[in-house]
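Engineer:
Protein chains in written order, with this note's numbering: chain A, 1 to 485; chain B, 1 to 181.
Right, dumping it as structure tokens:
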């Protein structure tokens with residue numbers, strides 16, 4: 001299929017993000033100006049968001065190797081919102097960083113483009129390129145404050161482990177290709193109509209392994225807390241939100257489209273991984289005294305819950321995944337956003353140890369409220385968006401009569417409640433009189449503060465009145481299932 | 001032609017094993033070159049001469065240049081000469097040259113049998129075919145590759161800076177440079 005003007009029009013958001021990256025690059029080459037570069041980045045991302053509305057009228061449309069359908073647009077909205085939040089948080093964070101600050105936005109834009117490609121890919125080539133385009137800038141973003149030992153460590157760790165995972169993913173692709181002679185999902189689906197042979201099963205399993213590394217599913221989760229802790233907060237935010245959303249969406253697409261992934265054996269493996277991920281993630285989070293590590297383990301546990309949707313993968317699965325991803329992304333943005341604001345402007349290592357947050361309420365009541373709301377949402381307390389997400393997952397498990405999975409979600413949530421509450425208690429304890437790190441005085445009127453406040457408001461609003469979100473996800477999910485499913 | 005394909009494939013595997021088992025990086029590189037050339041021969045056997053030629057020019061050529069640079073930068077003076085003499089022991093060059101000799105014999109044998117257009121299966125992929133494919137349906141992937149290279153370049157140039165940025169500014173309120181954690 002040749003790329004036509006219509007296809008190009010459908011790819012406008014992606015093209016806009018790439019063009020913004022080039023403009024930022026040229027701008028840096030011409031003159032370095034932190035705020036101007038941030039404004040260009042934010043404008044570009046917003047233009048892409050607006051272009052998505054136009055693209056929605058054309059959807060669903062299959063361009064060569066990319067599907068512009070409901071699921072892709074849904075994921076693109078989430079990714080762009082996360083990128084916008086990271087750009088504004090990055091501006092607050094890097095304000096007093098003495099090294100070059102502007103490259104961060106260039107890398108952020110490249111990673112955003114990669115995430116959008118990944119979420120829309122219907123071909124193993126775009127899947128691979130999207131994944132690499134997402135990971136490659138992330139190495140740079142994580143190691144951005146490279147004179148800091150931990151930041152460099154986190155970048156190198158992610159680089160080495162992620163390269164190994166990519167090699168495994170490529171091997172899986174090669175096996176699938178050897179068995180079917182196709183690289184596109186549709187061709188793979190028709191090539192594997194009969195009961196999948198050993199080779200394609202091995203290929204599917206290896207691909208699953210490579211992708212589950214990026215999602216930090218349990219046997220491949222060891223890198224997560226270290227990388228989250230070491231990387232600069234805005235980079236960790238992007239890694240925890242946009243990157244995971246994109247990889248999960250492509251995994252969902254793969255599982256839905258290719259029958260080799262519907263194999264009963266693979267499904268039971270997925271179910272075991274899901275339960276393991278929920279329990280291990282939550283249990284390891286119990287002993288953490290660093291908020292970023294704790295959030296890392298909590299994100300492991302949340303993707304364990306999300307795997308339930310993949311195991312069931314029919315009926316409500318797409319809708320539940322959509323709702324859960326929206327909720328997860330908002331909550332992660334909120335929690336990491338507060339950590340970023342507390343650590344902003346950059347003064348060496350991030351303030352992520354729990355004792356930095358002791359008595360935060362008495363100094364920054366509104367910021368504490370935001371963190372409290374996100375913690376409640378992560379724990380899945382009613383009247384926050386997190387409850388709606390968890391409700392969907394449990395409903396899905398009950399409907400499919402996967403009692404082990406439902407039990408895992410319930411036990412995991414119970415354990416989770418303990419450490420989320422521990423963070424909240426720390427926030428309200430009396431101050432011990434030590435000199436603490438703090439957000440700048442006027443954080444609430446800065447862009448980063450506005451983002452965090454908006455996210456917290458949205459979490460509560462969607463928790464009380466989730467209908468618009470559910471309707472939106474249903475429309476997007478329906479559009480996805482129509483032509484490709 | 002099948003025999004050439006399998007023979008080159010076998011040599012590629014053996015040479016790559018040599019790469020990962022050798023403790024000396026330069027010896028490993030020797031094996032790597034043989035491995036790359038045998039992969040190029042696999043491409044020729046499969047009827048993709050363009051990919052094969054690129055493999056030889058880009059990979060084997062670039063790796064050779066890298067190899068020369070490594071030798072130039074790491075070994076200078078008399079010590080380097082002694083090192084080079086030590087490297088020229090038969091034990092070291094026998095393995096790669098044996099594998100390369102088998103490759104050469106395969107190449108000559110296939111050329112000897114005449115009919116240069118033969119291959120395992122399918123049609124010959126010429127440079128033109130590859131070009132129309134790359135800049136037709138695969139245009140997206142080419143552009144994504146360009147973005148990927150840009151990101152890699154920026155990452156490398158940022159992290160690879162030799163001058164560290166100044167120490168973080170002293171905290172105006174507390175006077176502390178860094179939080180004791």
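Cβ atoms here follow ideal geometry from the backbone N, Cα and C, with glycine treated the same way.
1) Using 8 Å for Cβ pairs, my map puts residue 172 of chain A next to residue 206 of chain A. What's the rounded Cβ distance?
2) Classify residue 158 of chain A: buried if its beta carbon has 16 or more other beta carbons within 10 angstroms, exposed otherwise.
3) Flag this pair as yes or no: are the beta carbons of residue 127 of chain A and residue 250 of chain A separated by less than 8 Å?
4) So for residue 356 of chain A, helix, strand or coil by DSSP?
5) Three or more C-beta pairs under 8 Å: does that hold for the region 300-311 of chain A against the region 398-417 of chain A?
6) Between residue 17 of chain B and chain A, is the shortest Cβ-Cβ distance under 8 Å, so that the two count as touching?
7) Reducing DSSP to helix, strand and coil, say where residue 184 of chain A ends up.
8) Quick one, are the C-beta atoms of residue 138 of chain A and residue 117 of chain A less than 8 Å apart?
9) Would you mind telling me which residues of chain A sit closer than 7 Å to residue 148 of chain B, beta carbon to beta carbon, in chain order?
10) Nearest CA to the CA of residue 6 of chain A: which residue from A:20, A:59, A:188?
11) Got a sec, what are the start and stop residues for the beta strand (DSSP E) residue 68 of chain A sits in?
12) Skipping 5 residues on each side, what residues in its chain have a beta carbon closer than 6 Å to that of residue 176 of chain B?
13) Quick one: is residue 296 of chain A buried, meaning 16 or more other Cβ sit within 10 Å of its Cβ, or exposed?
14) Please check if any C-beta of chain B sits within less than 8 Å of the C-beta of residue 163 of chain A.
15) Using DSSP with H/G/I as helix, E/B as strand and the rest coil, what is residue 215 of chain A?
16) Would you mind stating whether residue 17 of chain A and residue 113 of chain A have Cβ atoms separated by less than 8 Å?
17) Cα-Cα, which of B:93, B:73, B:39 is closest to residue 58 of chain B?
18) By Cβ distance below 6 Å, which residues in the same chain neighbour residue 459 of chain A in space, the five residues on each side in sequence not counted?
19) Can you pull the chain A residues whose beta carbon is under 7 Å from the beta carbon of residue 136 of chain B, in chain order?
20) Which ranges does the alpha helix (DSSP H) cover as unbroken runs of at least 4 residues, wholly within the region 15-75 of chain A, from first to last along the chain?
21) Would residue 192 of chain A pass as a contact of residue 245 of chain A if the rule is Cβ separation under 8 Å?
22) Taking 8 Å as the threshold, find out whether the region 232-240 of chain A comes into contact with the region 264-280 of chain A through three or more Cβ pairs.
23) Specify the secondary structure class of residue 179 of chain B as computed by DSSP and reduced to three states.
24) What in chain A is Cβ-close to residue 129 of chain B, meaning under 8 Å?
25) What is the rounded straight-line gap between the Cα of residue 101 of chain B and the Cα of residue 28 of chain B?
26) Any Cβ of chain A within less than 8 Å of the Cβ of residue 54 of chain B?
27) Spell out the partners DSSP gives residue 290 of chain A in its beta bridges.
28) Got a sec: which bits of the region 48-81 of chain A sit with their beta carbon under 8 Å from any beta carbon on chain B, in order along the chain?
29) Taking C-beta to C-beta, are residue 298 of chain A and residue 140 of chain A nearer than 8 Å?
30) Please report the distance separating the alpha-carbon of residue 359 of chain A from that of residue 428 of chain A.
31) So who's on the other strand from residue 123 of chain A, going by DSSP bridges?
32) As a quick exercise: from A:53, A:215, A:212, A:86, pick the residue whose alpha carbon is nearest that of residue 72 of chain A.
33) To the nearest angstrom, how far is the alpha carbon of residue 56 of chain B from that of residue 125 of chain B?
34) Please confirm if the region 447-464 of chain A is in contact with the region 78-96 of chain A, defined as three or more CB-CB distances below 8 Å between the two stretches.
35) Excluding the five sequence neighbours on either side, which residues of its own chain have a C-beta within less than 6 Å of the C-beta of residue 169 of chain B, listed in chain order?
36) Could you spell out where the alpha helix (DSSP H) holding residue 225 of chain A opens and where it closes?
Structural biologist: Let me spell this out:
1) Cβ-Cβ separation between residue 172 of chain A and residue 206 of chain A: approximately 3 Å, consistent with a contact (criterion under 8 Å).
2) Taking a 10 Å sphere around the C-beta of residue 158 of chain A, we find 16 or more other C-beta atoms and assign the residue as buried.
3) Taking a C-beta distance under 8 Å as the contact criterion, residue 127 of chain A and residue 250 of chain A qualify as a contact pair.
4) Residue state for residue 356 of chain A is assigned as helix, using DSSP reduced to three classes.
5) Here the region 300-311 of chain A lies against the region 398-417 of chain A, with 3 or more beta-carbon pairs under 8 Å apart.
6) No, because no Cβ of chain A sits closer than 8 Å to the Cβ of residue 17 of chain B.
7) In the structure shown, residue 184 of chain A falls within a strand segment according to DSSP collapsed to helix, strand and coil.
8) Cβ distance not < 8 Å, so residue 138 of chain A and residue 117 of chain A don't count as in contact.
9) The answer, in chain order, is 129, 132, 133, 136.
10) Looking at A:20, A:59, A:188, the one whose alpha-carbon comes closest to that of residue 6 of chain A is A:59.
11) For residue 68 of chain A, the uninterrupted beta strand (DSSP E) run begins and ends at 66-68, by DSSP.
12) Per-residue confidence for residue 176 of chain B stands at a pLDDT of 45, beneath the threshold of 50, marking its modelled position as unreliable; no derived number is given.
13) By the neighbour-count rule (16 or more Cβ atoms within 10 Å), residue 296 of chain A is buried.
14) So, not an interface residue.
15) Residue 215 of chain A: coil per DSSP, three-state reduction.
16) Yes; because the gap between Cβ atoms is below 8 Å, this pair is in contact.
17) Among B:93, B:73, B:39, the Cα nearest to that of residue 58 of chain B belongs to B:39.
18) 330, 373, 377, 384, 385.
19) Within 7 Å of the CB of residue 136 of chain B, the CB atoms of chain A belong to 2, in sequence order along the chain.
20) Listed in chain order, they are 34-58.
21) For the pair residue 192 of chain A and residue 245 of chain A, the CB atoms are not nearer than the 8 Å cut-off.
22) With a cut-off of 8 Å, the region 264-280 of chain A and the region 232-240 of chain A do not count as touching, because too few Cβ pairs lie within range.
23) Note that residue 179 of chain B scores a pLDDT of 41, beneath 50, so its modelled location is shaky; the value from the coordinates is reported in the next line. The answer is coil: DSSP assigns residue 179 of chain B none of H, G, I, E or B.
24) Going along chain A, no residue has its Cβ under 8 Å from residue 129 of chain B, so there is no contact; the nearest lies around 15 Å.
25) Taking the straight line joining both Cα atoms gives about 18 Å.
26) By this cut-off, residue 54 of chain B is not an interface position.
27) Paired residue(s): A:353.
28) Listed by position, the residues of the region 48-81 of chain A near chain B (Cβ gap below 8 Å) are 63, 64, 65, 66.
29) No, they are not a contact pair.
30) If I take the Cα positions, the gap works out to 5 Å.
31) Within the DSSP bridge table, the entry for residue 123 of chain A names A:184 as partners.
32) Taking only the C-alpha atoms, the option nearest residue 72 of chain A is A:53.
33) Straight-line Cα distance between these residues: approximately 17 Å.
34) Yes, the region 447-464 of chain A touches the region 78-96 of chain A.
35) Model confidence at residue 169 of chain B stands at a pLDDT of 47, short of 50, so the residue's coordinates are unreliable; what they give is reported in the following sentence. Excluding sequence neighbours, residue 169 of chain B sits near nothing in its chain.
36) Here the alpha helix (DSSP H) through residue 225 of chain A covers 223-230.
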